[in-house]
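Heads up, the thing below is written out as C-alpha cells.
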Amino acid sequence: MRDLPWPARAYLVAVIGVAAALIVRGVVVSGAPVAPENLDILLVLALLFLVCESMPTLLNVEQFAVSVSFSASLAAVVLLGPEGAALVGLTAVVSVRPGLPWIKRLFNGAQFAICGFAAGWVYVALDGQVGVPQVNAFDDLIGPYVAATAVFVPLNIVLTLTVIALATGSRATEVPMRGMVQFLLSYLGYGTFGLLVAGLWATVASISAVLVLVPLFVARWAFGQYHAQQRSYDATIAALCQAVETKDYYTRGHCTRVSHASSMIAQEIGMGVERVRAIRYAGMLHDVGKLGVPTKVLQKDGPLTEEEFAAIQLHPMRGLEIVRGIGFLDEAYAGIMHHHERHDGTGYPMGLAGDEIPEFAKVIAVADAFDSMTSDRSYRGARPVPVAVEELRKCAGTHFDPVMVAAFIRALEREPWQSPPRVDPPPPEAAESPIKDHDDPTMPIEVVTGQ
Numbered sequence: 001m002r003d004l005p006w007p008a009r010a011y012l013v014a015v016i017g018v019a020a021a022l023i024v025r026g027v028v029v030s031g032a033p034v035a036p037e038n039l040d041i042l043l044v045l046a047l048l049f050l051v052c053e054s055m056p057t058l059l060n061v062e063q064f065a066v067s068v069s070f071s072a073s074l075a076a077v078v079l080l081g082p083e084g085a086a087l088v089g090l091t092a093v094v095s096v097r098p099g100l101p102w103i104k105r106l107f108n109g110a111q112f113a114i115c116g117f118a119a120g121w122v123y124v125a126l127d128g129q130v131g132v133p134q135v136n137a138f139d140d141l142i143g144p145y146v147a148a149t150a151v152f153v154p155l156n157i158v159l160t161l162t163v164i165a166l167a168t169g170s171r172a173t174e175v176p177m178r179g180m181v182q183f184l185l186s187y188l189g190y191g192t193f194g195l196l197v198a199g200l201w202a203t204v205a206s207i208s209a210v211l212v213l214v215p216l217f218v219a220r221w222a223f224g225q226y227h228a229q230q231r232s233y234d235a236t237i238a239a240l241c242q243a244v245e246t247k248d249y250y251t252r253g254h255c256t257r258v259s260h261a262s263s264m265i266a267q268e269i270g271m272g273v274e275r276v277r278a279i280r281y282a283g284m285l286h287d288v289g290k291l292g293v294p295t296k297v298l299q300k301d302g303p304l305t306e307e308e309f310a311a312i313q314l315h316p317m318r319g320l321e322i323v324r325g326i327g328f329l330d331e332a333y334a335g336i337m338h339h340h341e342r343h344d345g346t347g348y349p350m351g352l353a354g355d356e357i358p359e360f361a362k363v364i365a366v367a368d369a370f371d372s373m374t375s376d377r378s379y380r381g382a383r384p385v386p387v388a389v390e391e392l393r394k395c396a397g398t399h400f401d402p403v404m405v406a407a408f409i410r411a412l413e414r415e416p417w418q419s420p421p422r423v424d425p426p427p428p429e430a431a432e433s434p435i436k437d438h439d440d441p442t443m444p445i446e447v448v449t450g451q
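The sequence shown begins at 1 in UniProt numbering and counts up by one.
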C-alpha cells in the first residue's frame, strides 16, 4: 500500500469504502442482506465463487486472464438479489490464490461487491424476479439478466483498469483495441454460466453448481494446454533466433526488435490476433536462413564477390528450407521467403513487385530496415529514429510498400521506439564484421565482378 502513488491509494480507499457502505446499507434497510432460508444458496454460491476466483482462466487474448468467479455473482443476482450478489463478490477477500497481497484481496472483494450490487439493482429495476425461478417463468428473467451482465462486466473492467492505470501510470488505451474487444466478448460469454446456475437451481438445487464446474474446468484445462503449447512454440523460435544471432556480434537482439516492429505494423493495419502472432514469429525468424550462409561471407570486411553475394541472396530460401517443417508458422513462411523483395521489383530472391509481394513480407521489410538503421553496426553508429523514419519515407514506393511505411510511422507516433543500447566494439578475435549491410537501404552491399 505504501508503495502505491497517492491517487491509487485514494482510489482503493474509495472503492473499499463504497463496498462497505453498500453492505451496511443492506443490513440497516432489511435487517439481514440475505433471508435465513436462503443461507444455503449463499454458501453454495460463495464456495463456487472462491473455487473459480482461486483458479483464473487464460483467454486466447494476449496479456489477459480472467477469473470466471463473477458468474457466481450473477447467479446470486437472480437467486438472492443485489445484497446477496454483493456478499458473494465480497468473498474474494478470502481467495486462496497464493501470493496475493491483502490490499489486492480487499480491492477485489470490494469491486466485485460493487459490481454485484449494481447488476442486481439493474435486474430488479427491469422487473427481474429474485428467487429460485419457476421453470415456466425462466424466459422472463433472460432480458433482465442480460442487462445485469451488461452492467457487471464493463463496470468490473473499468474499476480494474482504473486502479492499474493509477498504480502504474499506464493508460487503458495502451491495450490493443482488438484484444480488448475479444477479451470483453469472452468475458460476456462466461456470464452465461451464472444464468445456467440460476436456471438449473429450480430442478437440481445446489447440484447445479457442480454441473457448471465440470465444463468450466474442462475448458480451463483446454486453455492451459493451448498456452503451454504456445510457450513451447516461443521457446523453439527463441532458440533458432539465438542460433542466428551468434553469427554476427552486431546483430544481437535484431530478430526480437524486428518481431516487435512487425507486430506494431500488423496491429496498425488491423490484422487479427492469430495473424499478429504469426507475423511476430516471422519477424523472429526472418534471417534464419543465415545459418546456411558461410560465416566468413557474413563477416567479410570488404566488397563481396558475385558468388558471395549470391550466397547472401539465397538466405531467404535457405530460411524457408529450415523452417518448412514447423507447421504452426502458417503465413510466416511467406514473410521469411520474401522479406527482401522490393516494391519496384528490384529485390530478391524472385524479383516480385507491388501486389505480388506477400503482405507479411511487406511488413517485415519495413521493420527490418528500420531496426538496421537505428542499431549500431561495425561501420557506423545507430541513426536517430527521425533520420530512419525520413529514410523510410524516401524509399516508400521503391524499396517499401507505402501503406506499410505509413502504418509504421503512425504506430511510432503512439509508441515511441526504444533504440537498442550502444554496442561496444567486440574483442579483437571477434572484430571481423561486414562494412555493409543488406538490411540497410542506405548502405548496400558492394559487389565486385570479374573475380
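The C-beta atom is built at its ideal place from N, Cα and C for all residues, glycine as well.
Spatial neighbours of residue i within its chain, please: C-beta separation below 6 Å, excluding the five flanking residues on both sides.
i           : result
LEU4        : ALA167
LEU188      : VAL153
ALA19       : ALA110, ALA113, ILE114
GLU174      : For GLU174, the pLDDT reaches just 47, beneath the cut-off of 50, and the residue's location in the model is therefore unreliable, although a value from the coordinates is still provided. Within the same chain, GLU174 has no close Cβ partners at all.
THR91       : ALA46, PHE49, LEU50
GLN63       : Because GLN63 carries a pLDDT of 48, less than 50, the predicted location of this residue cannot be relied on, and the following value inherits that uncertainty. Taken in chain order, the list of residues that qualify is empty.
TRP417      : VAL385
PRO7        : LEU166
ALA10       : none
ILE269      : ALA407
VAL135      : ALA202
residue 484 : Within the shown structure, residues of the chain are numbered from 1 to 451, placing residue 484 beyond reach of any answer.
GLY327      : none
ALA431      : With a pLDDT of only 45 at ALA431, under 50, the local geometry of the prediction cannot be trusted, and the value read off the model is given with reservation. So the list is empty, once near-sequence residues are dropped.
So residue i and residue j are in contact, right, with Cβ under 8 Å, and what is the actual spacing, rounded?
i      : j      : result
GLY319 : VAL288 : 4 Å
LEU155 : ALA198 : The Cβ separation is near 20 Å, so there is no contact.
PRO349 : PRO303 : Their Cβ separation, rounded to whole angstroms, is 21 Å, which puts PRO349 and PRO303 out of contact at 8 Å.
LEU42  : LEU74  : Not really, about 14 Å apart at Cβ, beyond 8 Å.
VAL122 : VAL93  : No, VAL122 and VAL93 are not in contact; Cβ-Cβ is about 24 Å, not under 8 Å.
VAL27  : PRO33  : 6 Å
PHE107 : LEU12  : 6 Å
VAL387 : LEU412 : Not confirmed; about 13 Å, so no contact.
VAL68  : TYR190 : 4 Å
Using only alpha-carbon positions, find the residue among the options that is nearest to residue i.
i           : options                        : result
ASP355      : VAL273, PRO82, VAL403, TYR333  : VAL403
ARG342      : GLY327, PHE360, ILE326         : PHE360
ALA202      : PRO133, TRP417, ALA243, THR246 : PRO133
GLU143      : LEU155, GLY128, ILE157         : Correcting the residue identity first, residue 143 is Gly in this sequence and not Glu. Minimum Cα distance to GLY143 is reached at GLY128.
THR149      : HIS286, GLY325, VAL78          : VAL78
SER375      : THR256, ALA407, GLU307         : THR256
VAL363      : ALA137, MET284, GLU308         : MET284
LEU80       : VAL124, GLY345, HIS339, ASN136 : VAL124
GLU53       : ALA72, PRO36, VAL44            : ALA72
ARG275      : GLY335, GLY381, PRO303         : GLY335
MET337      : ASP344, GLY327, ILE322         : ILE322
TYR281      : GLU308, VAL27, ALA239          : ALA239
LEU195      : TYR226, ALA147, TYR233         : ALA147
VAL130      : GLU83, ILE103, ARG97           : GLU83
VAL44       : SER372, ARG383, VAL387, VAL204 : VAL204
residue 482 : ARG383, PHE193, THR246         : Past the edges of the chain, shown from 1 to 451, lies residue 482, and the structure says nothing about it.
ILE16       : ALA353, ARG105, LEU100, ASP40  : ARG105
HIS399      : GLU413, HIS340, PRO420         : HIS340
GLY116      : PRO98, ASP140, ALA85           : ALA85
THR295      : ALA243, LEU352, ALA382, TYR226 : ALA243
ILE23       : GLY89, TYR145, ASN38, LEU39    : GLY89
ALA14       : LEU159, PRO101, MET271         : LEU159
ASP330      : VAL218, ASP40, ARG97, PRO358   : PRO358
Please list the terminal residues of the continuous alpha helix (DSSP H) segment that includes residue i.
i           : result
residue 499 : The displayed coordinates of the chain run from 1 to 451. Any statement about residue 499 would go beyond what the structure contains.
VAL43       : One detail in the question is off: residue 43 reads as Leu in this sequence, not Val. Here the alpha helix (DSSP H) through LEU43 covers 39–53.
SER262      : 254–268
HIS315      : 315–323
ARG342      : It is not in any alpha helix (DSSP H) - ARG342 carries neither H nor E in the DSSP assignment.
GLY89       : 82–90
ARG414      : 402–414
ILE157      : 139–168
GLU359      : 359–373
GLU274      : 273–285
Apart from the five residues just before and just after residue i, which ones in its own chain have a Cβ nearer than 8 Å to its Cβ?
i      : result
ARG324 : TYR333
ALA406 : ALA396
CYS241 : CYS255, THR256, MET284, LEU285, VAL288
ARG410 : GLU268
GLN451 : For GLN451, the predicted structure reports a pLDDT of 48, less than 50, and the residue's modelled location is therefore unreliable. The matter cannot be settled from this model.
THR236 : ILE326
Using a beta-carbon distance below 8 Å, is residue i in contact with chain C?
i      : result
VAL204 : Given the protein chain composition of this structure (a single chain), no chain C is represented.
Can you find the residues in the same chain that come closer than 7 Å, C-beta to C-beta, to residue i, ignoring five residues on each side of it along the sequence?
i      : result
ALA172 : Residue confidence for ALA172 is low, a pLDDT of 46 falling below 50, so the modelled location carries little weight; the figure read from the coordinates is stated next. Taken in chain order, the residues that qualify are LEU161, ALA165.
ASP371 : HIS254, ARG257, VAL258, ALA261
GLY347 : HIS340, GLU341
Q. Okay, do the region 364–372 and the region 258–278 touch, 3+ Cβ pairs below 8 Å being the bar?
A. yes
(Q) Any contact between the region 264–271 and the region 306–325? By contact I mean 3 or more CB pairs, one from each, below 8 Å. (A) no
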